[in-house]
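Protein chains in written order, with UniProt numbering: chain A, 1 to 371; chain B, 1 to 371.
Reviewing the structure listed below.
2 protein chains.
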Amino acid sequence: MSGRHTEQSTGAAEAAPTLIDCDIHQKWRDPEEVVAYLPDQYKDRGVQSPSILYDNVAEFSRRDAVPDDGGPAGSSIEKMKEHHFDEFGVDYAVLTGNSYLNLTALPNRDYAAELAVANNKWAIDNWLAEGGPFVGSLLAAPQKPERMAEMIRELGDHPRVVQVVMPMASQLPYGHEYYWPMYEAAEEMGLPIAMHPYTEGHGVTRPPTGAGHPNTYFEWHTLLGTYAMGQLVSLVAEGVLAKFPDLSFVVIEGGLSWVPHFMWRMDKDWKALRAQVPYLQKPPSEYVRDQVRFTTQPIEEPDDPEHLLQILKMMHAEETVMFASDYPHWDTDSPLYALPPMPEEMEQAVMAGNAQELYGLPNDPTSLPTN
Amino acid sequence: MSGRHTEQSTGAAEAAPTLIDCDIHQKWRDPEEVVAYLPDQYKDRGVQSPSILYDNVAEFSRRDAVPDDGGPAGSSIEKMKEHHFDEFGVDYAVLTGNSYLNLTALPNRDYAAELAVANNKWAIDNWLAEGGPFVGSLLAAPQKPERMAEMIRELGDHPRVVQVVMPMASQLPYGHEYYWPMYEAAEEMGLPIAMHPYTEGHGVTRPPTGAGHPNTYFEWHTLLGTYAMGQLVSLVAEGVLAKFPDLSFVVIEGGLSWVPHFMWRMDKDWKALRAQVPYLQKPPSEYVRDQVRFTTQPIEEPDDPEHLLQILKMMHAEETVMFASDYPHWDTDSPLYALPPMPEEMEQAVMAGNAQELYGLPNDPTSLPTN
């Protein structure tokens, strides 16, 4: 598993990064900034961005992340740098976008796809152009896979674009061959595909659970890991990981303590039911270890931190786990306190090494071109 | 947590049971046996029992469990005794029914409820009347809660009825107050309520995952634990466990390695979001430890058995876990080989003690009346 920058010099003269934050949400100051990039036919529609209906008890973003001038949290590069990057020594910040993660909740596929393209052009011009620690994601509306494939090929060679992000919520599970043209483009461009939860159970997406729609945000948020399991088992079972061996997936914001259970369950069922998935050439958990990465936030917090370390070992965290804070959202995890004490090699891999390898990042962030 | 028989003598002169199997599926030889118990208006309809559409690679029941006379697996008491109970020394067999676990997939609530009642009368007359190791469950069609409450009060005082079983699949999550009259009756009668998967994503139930309908049985079966999570978080968050402190729930056939993750997630989210669930008076995981039990099958099988023991310790298996084989289904777990070596106290609790306490079973099964 390696990103497309690995063939570049990794800047051996520079020390390797020690902290790569894999989930930073940037936001526009004013939606009109993005509307400017929309095709004319959608300009009047503007940015249709329904927020989730499962209401938090307070804001979804941290009040202390609001810029001094009062813009939305995450909208000021200066505030972000001072408040988070400088505070913790973040070498790379992987931008994952914001409310556009509801793209699959939108009934109109064409509009959703053009909104993705407009957002990505805006992010490239306004954030990746800044350089510094920023690398970014192309948000995708996967219900329009051919258009997304075109976009990935058009925008995906920007030196600071390091992945595609699609919403965790969908109408069809992501293993479905309907989506494969998009996967083909991402593999071709050397870009991993991340999945991020946001609007499960909203708009035209499915109810979040087999039991239907939960009642509270507390329930909805507790179940984040199950949304990831529903998509991952599909990607494995339908043969996406086998068909696209150079394509990786990243699960963002699902926590991680469910992963050992998930890998064991797949392997056990595969032993008995492999006739249903004959294109799998090795146990499902090995596809996961080779081609799937999990970001840490929102990390579980057992009473005994040793339990979390046991989980990290069970899931081979030294290969599979990447730190993420989710800054500036309400439940930001601290790079200092979120994770338990780990063996040195595991800690280095989780805090920076796995992400550096996956995204193919040079040691020196400033060596990456900004356009 | 204690069953309603605990006030009886537990037969101190007898040795305590060493193996209680909490998921044994009995079946009718001929559906007409059950039709005889249906109200006249439904007799012509017969037993409408759609099987699941996610197809296994072979039969759902073990070929070696078929009785000598060729009836369905699970339909012969003699075969079951010889093949499973005598082989492993099963002291108690908790019968959980069979294809009726699709009751919530049926669009007609009234018919589903009467089918549940008819099945339960049949089971009492044909299986519980046999005595021996058999104790049983009242299957419920929870979409008709008042009728189920009536049934639970009518049939629930049979000395060998030890729980209510409802399908894991539903139209509304089980925390919903619509279901509460049934819970009130079960608590009143001292009967735990079990949930068992079968028709998630079929008939009028919801798609099994937030991603929609998976493609294969391999996927459907891998995700069993997520169906349980969707229901359990609802039971906790909507206050069912808090409102009915003497009511217990049992998760059957969901495996268990997801449970530590689930408890940690709820507790973490509860710390931040408890304003949404103000009726919870303690951390959610404590409600689970006090009022929820998990059966073992289909047990996860990590390469390193020590990992499974770590999971059992994380979830306080000495309080929360009960052995189940799922006999005579295709993936029956062996009482001898399914679980890793455990400390003696934990092993005793898992293999028998926790179930004996939950169901209030006397040491001597033959001391329980048969009607």
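Ideal placement from N, C-alpha and C gives every residue a C-beta, glycine not left out.
Listed by chain order, chain A residues near B/Val135 by CB distance under 7 Å
Translated into the one-based positions of the second sequence, residue 135 of chain B becomes position 135. What B/Val135 touches in chain A: nothing, since even the nearest Cβ is about 28 Å away.
Mind listing the chain B neighbours of A/Asn215? Cutoff is C-beta to C-beta under 8 Å, in chain order.
By 1-based counting over the first sequence, the position of residue 215 of chain A is 215. Ordered by position in chain B, the residues that pass the 8 Å Cβ test against A/Asn215 are Pro173, Gly175, His176, Ser234, Ala237, Glu238.
7 Å Cβ cut-off: residues of chain B touching A/Ser257
For this step, residue 257 of chain A is matched to residue 257 along the first sequence. Per Cβ cutoff of 7 Å: Pro260, His261, Trp264.
Alpha carbon to alpha carbon, how far is A/Phe244 from A/Glu184?
Reading the first sequence from its first residue, position 244 is the one you call residue 244 of chain A. Reading the first sequence from its first residue, position 184 is the one you call residue 184 of chain A. Roughly 7 Å separates the two Cα atoms.
Give the secondary structure of A/Ile20 by DSSP, where H, G and I count as helix, E and B as strand, and everything else as coil.
Position 20 of the first sequence, counted from the start, is the residue given in the question as residue 20 of chain A. Looking at A/Ile20 - three-state DSSP - the assignment turns out to be strand.
Following the continuous beta strand (DSSP E) through B/Phe134, name the residue where it begins and the one where it ends.
Translated into the one-based positions of the second sequence, residue 134 of chain B becomes position 134. Counting along the chain, the beta strand (DSSP E) containing B/Phe134 begins and ends at 134–139.
Alpha carbon to alpha carbon, how far is A/His221 from B/Glu87? Give it in angstroms, no decimals.
Locating residue 87 of chain B in the second sequence gives position 87, where the first residue counts as 1. Locating residue 221 of chain A in the first sequence gives position 221, where the first residue counts as 1. Their Cα atoms are separated by approximately 45 Å.
Which term fits B/Gly353, buried or exposed, when burial requires 16 or more other beta carbons within 10 angstroms of its beta carbon?
In the second sequence, counting from the first residue as 1, residue 353 of chain B sits at position 353. The residue is buried, with at least 16 neighbouring Cβ atoms inside 10 Å.
When you compare only the Cα positions, how much space is there between B/Met342 and A/Trp122?
Here residue 342 of chain B refers to the residue found at position 342 when the second sequence is read from its first residue. Here residue 122 of chain A refers to the residue found at position 122 when the first sequence is read from its first residue. Whole-angstrom Cα-Cα distance: 57 Å.
Same chain, Cβ closer than 7 Å to A/Trp258, neighbours up to 5 away in sequence not counted:
The residue you call residue 258 of chain A lines up with position 258 of the first sequence. Here the set comprises Gly225, Met229.
Taking three-plus beta-carbon pairs below 8 Å as touching, is the region 298–310 of chain B in contact with the region 252–271 of chain B?
yes
Counting C-beta neighbours from all protein chains within 10 Å, is the total for A/Glu114 16 or more, i.e. buried, or is it exposed?
If you number the first sequence from 1, residue 114 of chain A lands on position 114. Under this definition A/Glu114 is a buried residue.
To which residues of the same chain is B/Ala237 closer than 7 Å at the C-beta, ignoring the five residues directly before and after it?
Your numbering for residue 237 of chain B matches position 237 in the second sequence. Within its own chain, the residues whose Cβ lies closer than 7 Å to the Cβ of B/Ala237, once the five positions on either side in sequence are excluded, are Gly175, Val277, listed in chain order.
Beta-carbon neighbours of B/Lys27, restricted to chain A and to distances below 7 Å:
What you label residue 27 of chain B is simply residue 27 of the second sequence in a count that begins at 1. Within 7 Å Cβ-Cβ: nothing; B/Lys27 doesn't reach chain A, min ~22 Å.
Three-state secondary structure (DSSP) at A/His202?
The residue given as residue 202 of chain A occupies position 202 in the first sequence. Correct three-state label for A/His202: coil.
Kindly indicate if chain A contains any beta-carbon less than 9 Å away from that of B/Arg206.
One-based indexing of the second sequence puts residue 206 of chain B at position 206. Yes, B/Arg206 counts as interfacial toward chain A.
Comparing C-alpha positions only, which one of A/Pro31, A/Val90, A/Ile193, A/Val57 sits nearest to A/Asn119?
As a position in the first sequence, residue 119 of chain A is number 119, starting the count at 1. When only C-alpha atoms are compared, the closest one is A/Pro31.
Can you find the residues in the same chain that come closer than 7 Å, C-beta to C-beta, to A/Pro260, ignoring five residues on each side of it along the sequence?
On the first sequence, residue 260 of chain A is found 260 positions in, with the first residue counted as 1. Correct list, in chain order: Ile311, Met314, Met315.
When you compare the CB positions of A/Val117 and A/Arg147, do they come within less than 9 Å of one another, or not?
Position 117 of the first sequence holds residue 117 of chain A. Position 147 of the first sequence holds residue 147 of chain A. Yes, Cβ-Cβ distance for A/Val117 and A/Arg147 is below 9 Å.
8 Å contact criterion, which A/Pro208 and B/Gly239 should meet: CB distance rounded:
In the first sequence, residue 208 of chain A corresponds to position 208, counting from 1. In the second sequence, residue 239 of chain B corresponds to position 239, counting from 1. 20 Å between Cβ atoms; not a contact.
C-alpha gap between B/Glu150 and A/Pro283, whole angstroms:
Against the second sequence, residue 150 of chain B aligns to sequence position 150. Against the first sequence, residue 283 of chain A aligns to sequence position 283. Their backbone Cα atoms lie some 49 Å apart in a straight line.
With a threshold of 9 Å between beta carbons, is B/Trp330 in contact with chain A?
Reading the second sequence from its first residue, position 330 is the one you call residue 330 of chain B. Yes, B/Trp330 lies at the interface with chain A (some Cβ there is under 9 Å from its Cβ).
What span of residues does the alpha helix (DSSP H) with B/Arg265 cover, start to end?
Looking up residue 265 of chain B in the second sequence gives position 265. Run containing B/Arg265: 259–273, per the alpha helix (DSSP H) assignment.
Can you tell which of A/Tyr179, A/Pro328, A/Pro302 has the C-alpha that lies nearest to the C-alpha of A/Asp64?
On the first sequence, residue 64 of chain A is found 64 positions in, with the first residue counted as 1. Closest by alpha carbon: A/Pro328.
Return the chain-ordered list of same chain residues with a C-beta closer than 8 Å to the C-beta of A/Val204, the five sequence neighbours on each side being excluded.
Working through the first sequence from its first residue, we reach residue 204 of chain A at position 204. Closer than 8 Å at Cβ, skipping near neighbours: Thr104, Ala105, Leu106, Pro107, Gln171.
Using the three-state DSSP reduction, which class does A/His83 fall into: helix, strand or coil?
Indexing the first sequence from 1 puts residue 83 of chain A at position 83. Helix, per DSSP.
Grouping DSSP H, G and I as helix and E and B as strand, with all else coil, what is B/Ser2?
Your numbering for residue 2 of chain B matches position 2 in the second sequence. Interpretation of B/Ser2 is limited by its pLDDT of 48, a score under 50 that renders its predicted location unreliable; the figure taken from the coordinates is listed afterwards. In this structure, B/Ser2 counts as coil in the three-state DSSP scheme.
Stretch-stretch touch, CB-based, cutoff 8 Å, three pairs: the region 211–218 of chain A with the region 69–82 of chain A
no
Suppose only complete runs of 4+ residues qualify. What are the alpha helix (DSSP H) ranges in the region 142–230 of chain A, listed by chain order?
145–155, 180–189, 217–222
Tell me whether A/Val292 sits in a helix, a strand or coil according to DSSP, three-state version.
On the first sequence, residue 292 of chain A is found 292 positions in, with the first residue counted as 1. In the structure shown, A/Val292 sits in a strand (DSSP, three-state: E or B).
Cut-off 7 Å between Cβ atoms - residues of its own chain near residue 373 of chain B, not counting five sequence neighbours on either side
Coverage of chain B is limited to positions 1 through 371, which leaves residue 373 of chain B absent and any answer about it impossible.
Near-chain A residues of the region 269–282 of chain B (beta-carbon distance less than 9 Å), N- to C-terminal order:
Taking a C-beta cut-off of 9 Å against chain A, the contacting residues of the region 269–282 of chain B are Asp269, Trp270, Lys271, Ala272, Leu273, Arg274, Ala275, Gln276, Val277, listed in chain order.
If the cut-off is 9 Å on Cβ atoms, which residues from the region 181–213 of chain A count as contacting chain B, listed in chain order?
Pro197, Glu200, Gly201, Thr205, Arg206, Pro207, Pro208, Thr209, Gly210, Ala211, Gly212, His213
Does B/Phe88 come within less than 9 Å of chain A when only Cβ atoms are used?
Within the second sequence, the letter at position 88 stands for residue 88 of chain B. So no, B/Phe88 is outside the interface.
Any Cβ of chain B within less than 9 Å of the Cβ of A/Asp267?
Within the first sequence, the letter at position 267 stands for residue 267 of chain A. So yes, A/Asp267 belongs to the interface.
Is there a Cβ from chain B that is less than 9 Å from the Cβ of A/His221?
Translated into the one-based positions of the first sequence, residue 221 of chain A becomes position 221. Output row for A/His221: interface = yes.
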